[in-house]
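Asks: The working numbering puts the first residue of the sequence shown at 2, with every later residue one more than the last.
For glycine and all other residues, C-beta sits at the position ideal for the given N, C-alpha and C.
Predicted, not measured: the structure shown is a model, and the values here were computed from it.
Encoded as structure tokens, here's the structure I'll be asking about.
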Amino acid sequence: MIAFDLNKIRKPYFGYEEIAKIRGISLASAKVAASRYTKQGLLLRLKKNLYVLREVWEAASQEEKFRLANLGQSPSYISLLTALDHYEISTQVQQDFLESISVRRTKEFQLNGTVFRVDA
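Encoded structure:
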């Protein structure tokens with residue numbers, strides 16, 4: 002039932018507001034629900050108030066994952082090594098690793114087995 006309701010969200014990523022609207026609950030309840038859905042494995046948390054459905058993540062192309070990685074810290078840009086790997090130019094093979102460059106602090110997080118690193 003819950004997963005069916007969440008599938009009504011047509012965006013690749015969303016926040017508490019969308020959960021509250023779809024479920025017909027308050028914003029405070031949506032925050033608690035998002036935490037519970039994450040623990041149950043229905044949602045993946047990119048950062049505070051930014052979630053993606055697990056099945057959307059698993060079906061995402063590499064380009065879509067690049068876009069989602071950019072949301073983890075903005076502004077940021079795909080690193081040269083990640084771009085070279087994407088176009089199969091580099092001999093250094095990266096599996097489940099996306100690196101971005103940013104002017105802000107270095108940050109690393111893991112999402113469903115994929116490591117995202119944003120270097121300053």
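How is Ser80 classed by DSSP in three states: helix, strand or coil?
Replies: Residue state, collapsed to three classes: coil.
Asks: Assign Leu99 to one of three DSSP states: helix, strand, or coil.
Replies: Of the three classes helix, strand and coil, the one that applies to Leu99 here is strand, per DSSP.
Asks: Tyr17 lies in the alpha helix (DSSP H); which residues open and close that run?
Replies: Taken as a continuous stretch (DSSP letters only), the alpha helix (DSSP H) holding Tyr17 covers Tyr17 to Arg24.
Asks: Residues bridged to Tyr38 by DSSP?
Replies: DSSP output for Tyr38 lists no bridge partner at all.
Asks: Looking at the secondary structure, which residues open and close the alpha helix (DSSP H) in which Lys66 lies?
Replies: Where Lys66 is concerned, the enclosing alpha helix (DSSP H) stretches over Gln63 to Gly73.
Asks: What residues match up with Thr115 in a beta bridge as DSSP calls it?
Replies: Beta-bridge pairing links Thr115 to Leu112.
Asks: Measure the C-alpha to C-alpha separation of Leu82 and Val94 and round it to an integer number of angstroms.
Replies: Distance between the alpha carbons of Leu82 and Val94: 10 Å.
Asks: Thinking C-alpha only, which one of Tyr52, Ser27, Gln96 and Tyr88 is nearest Leu7?
Replies: If we check each option's Cα against that of Leu7, Tyr52 comes out closest.
Asks: Tell me Arg46's beta-bridge partners as DSSP assigns them.
Replies: Paired residue(s): Tyr52.
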